[in-house]
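Q: Please read through the structure below; I'll follow up with questions.
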């Protein structure tokens with residue numbers, strides 16, 4: 003099975019590097035940046051589909067939901083997985099309304115949790 007292209011965005015460079023390395027170790031194709039503008043450039047430049055945007059919920063320049071809306075215009079079939087040190091309930095303050103069962107990655111997380119949650123996000127189908 004080919005590696006699923008995943009775009010990772012986190013304003014904490016050490017966290018970003020750690021997540022990207024873990025995903026690569028699990029066989030995923032990964033691009034990443036700490037800068038939302040660079041994430042948009044990467045999304046525009048990527049010729050194939052971006053299967054998943056894994057983005058921090060709270061960032062200083064642009065929130066994760068704002069970034070997801072912008073990149074979804076470029077890659078409409080892309081799935082989104084938000085991550086945050088805040089709880090899922092706090093995600094609602096950032097206009098993220100998670101459907102029941104929709105994956106959300108709480109920081110800090112284990113290697114196993116990252117892998118399981120990314121797989122769940124890639125397989126997630128919103129309720130009809």
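Residue numbers (our numbering): 3 to 130.
For every residue, glycine included, the Cβ atom is placed at its ideal position computed from N, Cα and C.
1. Can you find the residues in the same chain that come closer than 8 angstroms, C-beta to C-beta, to residue 14, ignoring five residues on each side of it along the sequence?
2. By DSSP, does residue 3 sit in helix, in strand, or in coil?
3. Please go through the same chain and pick out, in chain order, the residues whose beta-carbon is closer than 7 angstroms to the beta-carbon of residue 70, but skip the five residues on each side of it.
4. Are the CB atoms of residue 11 and residue 25 within a distance shorter than 9 angstroms?
5. I think residue 85 touches residue 107, with their Cβ atoms under 8 angstroms apart; what is that distance to the nearest whole Å?
A: So, from the data block:
1. Here residue 14 corresponds to residue number 12 of the chain shown, with the count starting at 1. Excluding residues within five positions, the ones whose Cβ falls inside 8 angstroms are 36 and 58.
2. Your numbering for residue 3 matches position 1 in the chain shown. Legend: pLDDT at residue 3 = 31, less than 50; position of this residue unreliable, value from coordinates given subsequently. Residue state, collapsed to three classes: coil.
3. Taking the first residue of the chain shown as 1, we reach residue 70 at position 68. Only 55, 57 and 82 meet the Cβ criterion.
4. Mapped onto the chain shown, residue 25 falls at position 23. Mapped onto the chain shown, residue 11 falls at position 9. Not a contact, by the Cβ cut-off of 9 angstroms.
5. As a working mapping, residue 85 is identified with position 83 in the chain shown. As a working mapping, residue 107 is identified with position 105 in the chain shown. At roughly 4 angstroms, the Cβ-Cβ gap stays under 8 angstroms, so residue 85 and residue 107 are in contact.
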